[in-house]
Amino acid sequence: MKKETNVIGVIPARYASTRLPVKLLRDLCGKSILQWTWESASGARLLDRLIIACDHPEIEKEAKKIGAEVVNTSDQHTSGTDRIAEAVRDIDAKLIINIQADEPLIHPSVIDSLAQEMFTNKDLFMATVKKKIEDKNQINNPNIVKVICDKLDFAIYFSRFPIPYYRSKDNNDSSDKAHYKHLGIYAYSKDFLYTFKNLPVSRLEKAEKLEQLRALEAGYKIKVIETHFDSFGIDTADDLYEVERILMQKGYA
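Heads up: the sequence shown begins at 0 in numbering that gives the first Met the number 0, then just goes up one per residue.
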């Protein structure tokens, strides 16, 4: 009997990158960035399959070398969501998890928690993850996306700006003045993945360069769960050095 597939994790892996050319194949403590991300995601217990969706022979070669399942997709996609939609088009599954290829520090329990949230709350279309910001330097960093939520933990807004803006400067260390970092991992019901993909690019999405704002602006809710495990996207050479430092600190090199 064919095993039912409930949860597919997909790592959209694009060869080209503007700020750090061919970044997914860059060496990071003896492994490629792609290998670190794939190995981290492979530790998730609730994934039935984990696929690398690529657009270039060199990415495919690396994926096969590390033993990953790989699917070739068009090199014309403008977003990871489009690449994922092509990769899973002919696969029968209930839940798709979008795992960013340039986040080698992603913790497998974050993936599991996201999948569990979607299964527990059957009415959810889409979910993502936040973490409380501990390093105050991240609050004003536009490369660190912030999120604010309502009392039911649905996203109100995502921004590169430090939201909320605390007008009063008194008692800035108060716990009720926390900022939350958005981790770039998403879960969608498979049906909603295609709904989301086909939505027109929105005004807010263009302004912030944040694809998830397309869903909010169209009126869809995004559930946000909290984690204590941090992650770190690699966009620049400085990011690469920082992740290398973290891995060395953890004893991986």
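Think of the CB as a built atom: it goes at the ideal place given N, C-alpha and C, for glycine as much as any other residue.
Can you tell me whether residue i is helix, strand or coil according to DSSP?
{"i": "K220", "result": "coil"}
{"i": "F124", "result": "coil"}
{"i": "F191", "result": "helix"}
{"i": "V79", "result": "Per the sequence shown, the amino acid found at residue 79 is Gly instead of Val. Residue state, collapsed to three classes: helix."}
{"i": "I10", "result": "strand"}
{"i": "E116", "result": "helix"}
{"i": "K1", "result": "Model confidence at K1 stands at a pLDDT of 44, short of 50, so the residue's coordinates are unreliable; what they give is reported in the following sentence. It is coil, neither helix nor strand."}
{"i": "L182", "result": "strand"}
{"i": "K145", "result": "strand"}
{"i": "E225", "result": "strand"}
{"i": "L151", "result": "coil"}
{"i": "A86", "result": "helix"}
{"i": "K255", "result": "Because the chain spans 0 through 252 in this model, residue 255 falls outside it and cannot be assessed."}
Provide the residue span of the alpha helix (DSSP H) that contains residue i, from first to last.
{"i": "K254", "result": "Only positions 0 to 252 of the chain appear in this structure, which leaves residue 254 out of reach."}
{"i": "L246", "result": "A236 to Q248"}
What residues are listed by DSSP as bridge partners for residue i?
{"i": "K30", "result": "L27"}
{"i": "E68", "result": "I50"}
{"i": "I110", "result": "I110 pairs with nothing; no bridge assigned."}
{"i": "K129", "result": "H181 and E225"}
Name the two residues that bound the continuous beta strand (DSSP E) containing residue i.
{"i": "F157", "result": "A154 to S158"}
{"i": "L94", "result": "L94 to I98"}
Considering only the alpha carbon of each residue, which of the options lies closest to residue i?
{"i": "V87", "options": "L246, K220, Y193 and K205", "result": "Y193"}
{"i": "A206", "options": "Y251, F160, E241 and L239", "result": "F160"}
{"i": "A100", "options": "Y251, K131 and E61", "result": "E61"}
{"i": "A186", "options": "A114, D89, E102 and E68", "result": "A114"}
{"i": "M247", "options": "C28, N197 and R18", "result": "C28"}
{"i": "D149", "options": "D54, K222 and A217", "result": "K222"}
{"i": "A217", "options": "D54, V200 and D229", "result": "V200"}
| request: Would you check if the stretch 109–126 and the stretch 34–48 touch, i.e. whether three or more CB-CB distances between them fall below 8 Å? | output: yes
| message | Can you confirm whether the stretch 74–90 touches the stretch 10–20 when touching is taken to mean that 3 or more C-beta pairs between the two stretches lie within less than 8 Å? | response | yes
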